[in-house]
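Presented below is the structure to which this report refers.
Residue numbers (this note's numbering): 25 to 142.
See below:
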């Protein structure tokens with residue numbers, strides 16, 4: 025079993041920045057990829073960004089490209105999401121997810137709230 029613990033959410037004004045972290049822990053697991061997703065009220069969960077563990081190939085949703093940066097600390101099994109130039113439409117619960125194999129995300133965090141005020 026793998027546990028994912030997110031941190032770093034909060035309230036920020038439009039144009040501001042936040043950095044989310046997600047630490048993975050557990051026994052005998054490997055990481056193929058980690059990603060961030062978000063879900064706004066009344067909307068479906070959507071992909072934000074992902075990073076493959078080796079090599080660190082990144083992928084972004086078009087709505088965040090150029091504003092968000094995903095990175096990882098392989099030694100600490102931790103993924104980060106640096107968010108800049110935040111907009112009110114970025115308001116959502118942000119979830120990190122971990123993929124052990126190539127098929128799909130296997131584990132999810134509990135989510136952290138990001139609120140961007142106008």
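Yeah, the Cβ is synthetic: ideal placement off N, Cα and C, and Gly gets one too.
All figures in this text were calculated on a predicted structure; none of them were measured in a lab.
Assuming the contact rule is C-beta atoms closer than 8 Å, residue i and residue j should be a hit. Round their C-beta distance to whole Å, please.
{"i": "residue 59", "j": "residue 74", "result": "4 Å"}
{"i": "residue 23", "j": "residue 28", "result": "For residue 23 there is no data in the structure shown, the boundaries of the chain being 25 and 142."}
{"i": "residue 48", "j": "residue 71", "result": "The Cβ separation is near 19 Å, so there is no contact."}
Based on DSSP bridge pairs, tell me the residues matched to residue i.
{"i": "residue 30", "result": "46"}
{"i": "residue 63", "result": "117"}
{"i": "residue 41", "result": "Paired residues: none, contrary to the question."}
{"i": "residue 94", "result": "105"}
Can you tell me whether residue i is buried or exposed, with buried defined as 16 or more other CB within 10 angstroms of its CB?
{"i": "residue 97", "result": "exposed"}
{"i": "residue 51", "result": "exposed"}
{"i": "residue 114", "result": "buried"}
{"i": "residue 126", "result": "exposed"}
{"i": "residue 99", "result": "exposed"}
{"i": "residue 57", "result": "buried"}
{"i": "residue 110", "result": "buried"}
{"i": "residue 94", "result": "buried"}
{"i": "residue 38", "result": "exposed"}
In angstroms with no decimal places, state the Cα-to-Cα distance between residue i and residue j.
{"i": "residue 107", "j": "residue 40", "result": "8 Å"}
{"i": "residue 90", "j": "residue 65", "result": "24 Å"}
{"i": "residue 82", "j": "residue 76", "result": "7 Å"}
{"i": "residue 35", "j": "residue 139", "result": "5 Å"}
{"i": "residue 102", "j": "residue 136", "result": "15 Å"}
{"i": "residue 121", "j": "residue 128", "result": "10 Å"}
{"i": "residue 25", "j": "residue 69", "result": "23 Å"}
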